[in-house]
Amino acid sequence: MGTVLSISPTDKKASIMDAELAKNDKSLKRHSMFVSLSWKKLVSNPAKKSAKKVTPIPMPARELPSGQVAQLNSENIRKTHQTEEKKHKAPIPVPVPTVPTQNNDSVVQNGRIPTVQQLPSSLSVVSPRRIVIQASTGELLRCLGDFMCRRCFKLKELNSGEVILWFRNIDRTLLLQGWQDQGFITPANVVFVYLLCEDTIADSTGSAAELQGTFQTCLYLAYSYMGNEISYPLKPFMIESNKDVFWEMSLRIINRLSAKMLQLNADPQFFTEVFQDLKNQRDTSEANLDR
Numbered sequence: 153m154g155t156v157l158s159i160s161p162t163d164k165k166a167s168i169m170d171a172e173l174a175k176n177d178k179s180l181k182r183h184s185m186f187v188s189l190s191w192k193k194l195v196s197n198p199a200k201k202s203a204k205k206v207t208p209i210p211m212p213a214r215e216l217p218s219g220q221v222a223q224l225n226s227e228n229i230r231k232t233h234q235t236e237e238k239k240h241k242a243p244i245p246v247p248v249p250t251v252p253t254q255n256n257d258s259v260v261q262n263g264r265i266p267t268v269q270q271l272p273s274s275l276s277v278v279s280p281r282r283i284v285i286q287a288s289t290g291e292l293l294r295c296l297g298d299f300m301c302r303r304c305f306k307l308k309e310l311n312s313g314e315v316i317l318w319f320r321n322i323d324r325t326l327l328l329q330g331w332q333d334q335g336f337i338t339p340a341n342v343v344f345v346y347l348l349c350e351d352t353i354a355d356s357t358g359s360a361a362e363l364q365g366t367f368q369t370c371l372y373l374a375y376s377y378m379g380n381e382i383s384y385p386l387k388p389f390m391i392e393s394n395k396d397v398f399w400e401m402s403l404r405i406i407n408r409l410s411a412k413m414l415q416l417n418a419d420p421q422f423f424t425e426v427f428q429d430l431k432n433q434r435d436t437s438e439a440n441l442d443r
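My numbering numbers the first residue of the sequence shown as 153 and each following residue consecutively.
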């Protein structure tokens, strides 16, 4: 005989419920795992964020009432106006001029500096006047000839025209021979020649030949210093009979008058003085006849 197994329906229902409970327990465990992980994330994230440096947000400034702001503005404006007025009204320090007394001591009376007295009009400082001198080349040549005649008073037959002729003959010879392209005789060069002659020609000159030799030596130095050409020949200036005298006199003139020759070209005041001195050498009787 075989055995028959029978299962009651209640037992079946119980087994089904047990299986469902087991499934629910597993799902609950999974949900609890997920919840725990998410809680750990939620707990750990704020900790990490708190480790960062957080800049504090400044609190907004306390706003003043509009009436108080207007009052402060008006006070600031009034203070700035007061400081500006003080700056403008402040006196500017000016040095007080003092006049030296006889003892060169400054006298202070009652803590005050005495008033400065004005100088008289006669002692007032006046800028020097500008002197303008005009003269033609012919007039200056005549003045040079008159000077030579007055200086060499022993030469009774000497006249100013003869001295001018010596000068013009040398200048014409240099032009004709091609030693220069333009004439040397100008007012400035005549003044230079007069500077050399006034210092070199002595009043003890006893002959016209001696005077001519000395004069032509001065002309040679004037051409060499003031001329437009690099060099000039010796023949028109030097006489063969007094060759040694020519060079000795040239060296004496150079050693004695080099400073004045340079000053005549560099100092306008000195040139004006020599110019005026030459113009004053004109013979008064001849000057009156020219008028």
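Backbone N, C-alpha and C define an ideal beta-carbon position, used for all residues, glycine too.
The Cβ neighbour count for Thr338, taken over all protein chains shown within 10 Å, is under 16; the residue is labelled exposed.
The alpha-carbon of Glu381 is positioned some 14 angstroms away from that of Leu371.
If you draw a straight line from the Cα of Trp399 to the Cα of Asp351, it is about 17 angstroms long. Between Val343 and Phe427, the C-beta spacing is below 8 angstroms. Ranked by Cα distance from Arg404, the options Leu307, Asn394, Gly330 and Leu348 are led by Leu348. In the structure shown, Ala361 adopts helical secondary structure according to DSSP, grouped into three states. Exclusion of the five residues before and after Ser376 leaves Tyr384 as the residues of its chain whose Cβ lies within less than 7 angstroms of its Cβ. Here Tyr372 carries a helix assignment [DSSP, helix/strand/coil]. Leaving aside the five residues that flank Gly358 on each side, the residues in its chain whose CB is nearer than 7 angstroms to its CB run, in chain order, Lys306. In the DSSP assignment, Lys431 falls within the alpha helix (DSSP H) that extends over Pro420 to Lys431. Leu317 sits exposed, since fewer than 16 C-beta atoms from the chains shown fall within 10 Å of its C-beta. For Asn321, the three-state secondary structure derived from DSSP is helix.
In the three-state reduction of the DSSP assignment, Gly297 falls in the helix class, which pools H, G and I. Boundaries for Glu309: no alpha helix (DSSP H) harbours it, and the DSSP string shows neither H nor E there. Less than 8 angstroms separates the beta-carbon of Ile353 from that of Cys304.
Distances from the alpha-carbon of Met300 to those of Ser312, Gly330 and Leu292 put Ser312 closest. Ranking Arg324, Leu373 and Leu363 by CA distance to the CA of Asn407 puts Leu373 first. Taking Gly335 as the centre and dropping the five residues before and after it, the same chain places the C-beta of Asp323 and Leu327 closer than 8 angstroms to its C-beta, in chain order.
Taking Asn417 as reference, the option from Thr289, Ile229, Val345 and Asp298 with the minimal CA-CA separation is Val345.
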